[in-house]
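See below for the structure under consideration.
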């Protein structure tokens, strides 16, 4: 019985991962086509927009975007190099070693337009019933805890 439970759980997990990768690929393609952005660049802008004062330290962005410190730094640098005025880097007043990246009003406007595209892709591509069924199956497969 345990093997059957574990096999079903793994199969459900792999299916869920496949759906996530497919939708992420569609998001990446639309963002690239419409805005010249990668999905990570969208995430960067989105997390900054949600932060207090629309700014975060690079170290905070690492865990949010899911990239290493050097990869986040390169991501911000590439985005700044596009010269679109969406981001601004500043040094922390308290700790001169810390760098903040903030979203400018121009960046917020660009993000607002990109979010419309992201929402359209998610509404169209996200197989809600399939994911719901997978999650319900995974919960049913969870072994009961013994008191």
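Numbering (UniProt numbering), first residue to last: 1 to 147.
The beta-carbon is built from N, C-alpha and C at its ideal position, and this holds for glycine as well.
### Query
Does the ligand NAD have even one heavy atom less than 6 Å from the beta-carbon of residue 31?
The ligand NAD is not part of this structure, which contains no ligands at all.
### Query
Counting Cβ pairs, one atom from each stretch, are 3 or more of them under 8 Å apart for the stretch 11-20 and the stretch 66-82?
no
### residue 110 versus residue 68: straight-line alpha-carbon distance, rounded
Those two C-alpha atoms are separated by around 25 Å.
### Query
So, using beta-carbon positions, are residue 99 and residue 85 closer together than 7 Å?
Judged by beta-carbon spacing, residue 85 lies beyond the 7 Å limit of residue 99, meaning their Cβ atoms are not closer than that value.
#### Entry: Coarse secondary structure for residue 54, derived from DSSP in three states
helix
### Task
Can you tell me which of the three DSSP states residue 38 falls into?
coil
### Query
What is the DSSP secondary structure of residue 98, reduced to helix, strand or coil?
coil
### Task
State the start and end residues of the unbroken alpha helix (DSSP H) segment that holds residue 122.
Looking at the DSSP string, the run of the alpha helix (DSSP H) that includes residue 122 is 105-125.
### Query
Where DSSP assigns a beta bridge to residue 87, which residues make up the other side?
103
### Task
Can you grab the Cα-Cα spacing for the pair residue 15 / residue 91, in whole Å?
Spanning the two alpha carbons is a distance of roughly 44 Å.
### Task
Would you mind sorting residue 54 into buried or exposed? The rule is 16 or more other CB atoms within 10 Å of its CB.
Counting Cβ neighbours within 10 Å, residue 54 comes out buried, since at least 16 surround it.
### Query
Applying the criterion that 16 or more other CB atoms from any shown protein chain within 10 Å of the CB defines a buried residue, is residue 132 buried or exposed?
exposed
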